[in-house]
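Reviewing the structure listed below.
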Amino acid sequence: MFTSIFTAPSELLGMVWDGSGRSNNLVLGLPSVVIGLTGFSAVFLMQWGGTSSMVETYSNRVESNTNRQQLLAVELRQSLISKLSLENGGASDAEKLQKLRAEDPRTAEIRALSEESVIYLNKLVVLEPENKDHLYQLAVRYYQMGEESGKKRALGIMNEIAPIDQPGHPEAHLQLAKRLEKLPARSVIDRRANIDAALEHVKQCLTKNAQNLEALKVKARLLRMKGSQREAREAFTKLFQENPIYFQPLLELGVTGANRASILDSASARFLAQLRKKDVRENTIQWVRTWEGLTNVLAQKQDFEKLRDLLEKDLKEYSQSEETAGRVPLLKQYLCRAYLGWANADIGDPLRQLELNYTKQQQLKLLGYFSKAYSYNEKDHYVLQSLAKLGGSEFPEVSEAALQIYDPSLSNNLPPGVLNQIALKALNEGRYQEAQKFYERAKTVSPNIPGILNNLAYAYLKDSSENNLDKDERISNASRALRLVEQAIRLLPDKLKKSAEMSMYRHTMGTALMELGNYPSAAAQFELALVSRPTEEELLQSLIDCYKLYKLDSGPYQRRLEQVKAAKASSELN
8 MFTSIFTAPS ELLGMVWDGS GRSNNLVLGL PSVVIGLTGF SAVFLMQWGG TSSMVETYSN
68 RVESNTNRQQ LLAVELRQSL ISKLSLENGG ASDAEKLQKL RAEDPRTAEI RALSEESVIY
128 LNKLVVLEPE NKDHLYQLAV RYYQMGEESG KKRALGIMNE IAPIDQPGHP EAHLQLAKRL
188 EKLPARSVID RRANIDAALE HVKQCLTKNA QNLEALKVKA RLLRMKGSQR EAREAFTKLF
248 QENPIYFQPL LELGVTGANR ASILDSASAR FLAQLRKKDV RENTIQWVRT WEGLTNVLAQ
308 KQDFEKLRDL LEKDLKEYSQ SEETAGRVPL LKQYLCRAYL GWANADIGDP LRQLELNYTK
368 QQQLKLLGYF SKAYSYNEKD HYVLQSLAKL GGSEFPEVSE AALQIYDPSL SNNLPPGVLN
428 QIALKALNEG RYQEAQKFYE RAKTVSPNIP GILNNLAYAY LKDSSENNLD KDERISNASR
488 ALRLVEQAIR LLPDKLKKSA EMSMYRHTMG TALMELGNYP SAAAQFELAL VSRPTEEELL
548 QSLIDCYKLY KLDSGPYQRR LEQVKAAKAS SELN
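Each position in the sequence shown, counted from 1, maps to that position plus 7 in our numbering.
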């Protein structure tokens, strides 16, 4: 709540930027000698220098501790970036990150420095009760310690020095606004009330310091959440003038045409200028942030050739020294992503299709992009999944070349996406039990991926319908499929539950329900699925079959199916 967290475009940087200094190996209290020396120095200073000398001494100790903590935090972040890059090829791994942070001795030292500062700050609050900075710093330290009692104490202090109805301590207002921004709400009304209260705190903060960019950033986010598009755009425009990283929120607020092109051109030029600065190139965190921004901008401009050339230039430079070797995997990951974006922009995304509906030349071109991406990151799951799909191409020239680059049958630890592609190929070729085997393996590796659960359910249902299983086996398969698709729907993000993709899950659920004899519920699922896919022939046929089994009139849907088939035939003739 009271630590400033930068949300980077890549998941890796966002996680590493969390500078809370938390650790599983907590340092339990300070050595008694520190507290003893603190008491002794207080008596000594009262005798020789009075209150002002004590304030100066305690303040110096807090400042010294803070500077040391900041230095350690930067070193720790950069170390974690390098370690994760070398070990994971730039991929993020929350569990590994937490373990590495906990094991690093700098984490324990950061914790110890916080605890020591709490002692000095409590002394300063007694000596200078009107100084709100002491209280603010004390609240921050209490929150960073992590205990619930400390967090409550921190919140009480913040509310005391930053009342919502009048200007108080600017940073305290800002932290309270951030807390309200992220506070869970039970209803839309509560959420709106939290946003309004957060905006009030930001207002009080800006009253004290109108140039506070962090406060302006929070204000812009809150206005966007509130739906005040024009005001949010104005706030983000001011932020963009200071830092090109705010190009994305501006684009998301409806900037189009020439304005969009102008924003992207400005952002790319400024990111490039930043990359040439010595201080940015020497600071791993700033360097990563800048490369992330430039990569995203050039990808949106679809200027992949320029992006490739810039990345390859830096890759060549950083590959020549052991001191900069930690940056090489990050650059390779960016190059991998660049080729993936290039393939998508030029041809399309093969993973968004059940079958490879591309010509042989298009597939060969896709293979060229994915082989380049693979050369820079052999662990990227998206690349492996795409190559596995091309390995099942109907064109031997494509499939053989894809398998030369990556052959899943030669790997023991296949990622779930690759297993999904192998299973999908078996499913499309009518080898349903083989498909079940690979989907089950994918489910074992990643049990909470909705798409894999739904595909596995569909494989069980197709096995029943195509292979003339006996009644008990059909019921068993249908029951298993229903449980799987119900679990898949529970795991779907809310935004996907409202999208056309939900139609696929409803179709599977309807099929399972129909197999189990629950025709009313099955028909309801099919009809809901048709809202998103009104011309899907298989879905229409499923609903017709359900109506017939339920002894209802299926005529309207039969006529619609005939119209769909006629339109398709006409389109193919033309």
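Don't be surprised by glycine CBs; every beta carbon is placed ideally from N, CA and C. Just so you know, these numbers come straight off a predicted model, no measurement behind them.
Checklist entry - For Val538, does the count of other Cβ atoms within 10 angstroms reach 16, so buried, or fall short, so exposed? => result exposed
Item to check | Identity of the residue in Asp479, Ala536 and Leu317 nearest Lys505 by Cα | outcome: Residue Ala536 holds the alpha-carbon nearest to the alpha-carbon of Lys505 among Asp479, Ala536 and Leu317.
Item to check | Sequence-distant residues of its chain with Cβ nearer than 7 Å to Lys450 (five each side left out) | outcome: Ile459, Leu460 and Leu463
Item to check | Three-way DSSP call (helix, strand, coil) for Ser486 in this model | outcome: In this structure, Ser486 counts as helix in the three-state DSSP scheme.
Item to check | Neighbourhood of Ser326 by C-beta distance below 7 Å, restricted to the same chain and skipping five residues each side | outcome: Val335
Item to check | Cβ distance (whole Å) where Leu592 is taken to contact Val62 below 8 Å | outcome: There is simply no residue 592 to check, as the chain begins at 8 and stops at 581 in what is shown.
Next on the checklist: Please report the distance separating the alpha-carbon of Lys575 from that of Arg567.
Outcome noted: 12 Å
Next on the checklist: Less than 8 Å between the C-beta atoms of Leu426 and Phe402, yes or no?
Outcome noted: Between Leu426 and Phe402, the C-beta gap is not smaller than 8 Å, which leaves the two residues out of contact.
Checklist entry - For Asn583, does the count of other Cβ atoms within 10 angstroms reach 16, so buried, or fall short, so exposed? => result Beyond the ends of the chain as shown, which are 8 and 581, falls residue 583; an answer cannot be given.
Next on the checklist: Here's the rule I'm using: 16 or more other beta-carbon atoms within 10 Å means buried, otherwise exposed. How should Ala192 be labelled?
Outcome noted: exposed
Next on the checklist: Checking 8 Å against the spacing of the C-beta atoms, do Arg75 and Leu120 come in under that value?
Outcome noted: yes
Checklist entry - Using the rule of at least 16 other Cβ atoms within 10 Å of the residue's Cβ for burial, across every protein chain shown, is Ala442 buried or exposed? => result buried
Item to check | Neighbour-count burial assignment, Val195, 16 or more Cβ in a 10 Å radius | outcome: exposed
Next on the checklist: With H, G and I counted as helix, E and B as strand and the rest as coil, what does DSSP make of Arg438?
Outcome noted: Here Arg438 sits in coil by DSSP.
Next on the checklist: Need the endpoints of the alpha helix (DSSP H) that Gln236 sits in, please.
Outcome noted: Per DSSP, Gln236 belongs to the alpha helix (DSSP H) from Gln236 to Glu249.
Next on the checklist: By alpha-carbon positions, which one of Gly424, Lys555, Glu238 and Asp272 ends up nearest to Phe254?
Outcome noted: Asp272
Checklist entry - Residue range of the alpha helix (DSSP H) that Asp316 falls in? => result Phe311 to Tyr325
Item to check | The alpha helix (DSSP H) enclosing Ser561, as first and last residue numbers | outcome: Counting along the chain, Ser561 falls outside any alpha helix (DSSP H), and DSSP gives it neither H nor E.
Next on the checklist: Here's a check: name, in chain order, each residue in its chain whose Cβ is nearer than 6 Å to the Cβ of Gly398, leaving out the five neighbours to either side.
Outcome noted: Ser406, Ala409 and Leu410
Checklist entry - Below 8 Å, can you find three or more Cβ-Cβ pairs linking the region 511-530 to the region 550-563? => result By the Cβ test, the region 511-530 is in contact with the region 550-563, since at least three Cβ pairs between them sit closer than 8 Å.
Next on the checklist: I'd like the ranges of any alpha helix (DSSP H) spanning at least 4 consecutive residues and lying wholly in the region 491-523.
Outcome noted: 501-504 and 509-522
Item to check | Per-residue DSSP class, three states only, for Ala217 | outcome: coil
Checklist entry - Taking the Cβ atom as the reference point for each residue, do Leu220 and Leu246 lie within a distance shorter than 8 Å? => result yes
Checklist entry - So Arg540 packs on Ala507, CB below 8 Å; how close in whole Å? => result 7 Å
Checklist entry - Is Lys323 near Asn384, with beta carbons less than 8 Å apart? => result no
Item to check | Ala192 (DSSP reduced to helix, strand or coil) | outcome: coil
Next on the checklist: Just to confirm before moving on: does the CB-CB distance between Ile429 and Ala395 stay below 8 Å?
Outcome noted: yes
Item to check | Residue from Leu489, Gln368, Ser400 and Asp353 whose Cα sits closest to the Cα of Leu361 | outcome: The residue from Leu489, Gln368, Ser400 and Asp353 with its alpha-carbon nearest to that of Leu361 is Ser400.
Checklist entry - Using DSSP with H/G/I as helix, E/B as strand and the rest coil, what is Gly424? => result helix
Item to check | Through-space distance from Asn250 to Ala169, alpha-carbon basis | outcome: 28 Å
Next on the checklist: Does the structure place the region 285-295 close enough to the region 234-241 that three or more beta carbon pairs sit under 8 Å?
Outcome noted: no
Next on the checklist: Taking 6 Å as the limit between beta carbons, can you name the residues of its chain near Ser453, skipping five residues before and five after?
Outcome noted: Pro423
Item to check | Close-in-space but distant-in-sequence residues of the same chain around Thr297 (CB under 8 Å, 5 per side omitted) | outcome: Phe278, Gln281, Leu282 and Val287
Next on the checklist: Going by DSSP in three states, Ser269 sits in which element: helix, strand or coil?
Outcome noted: helix
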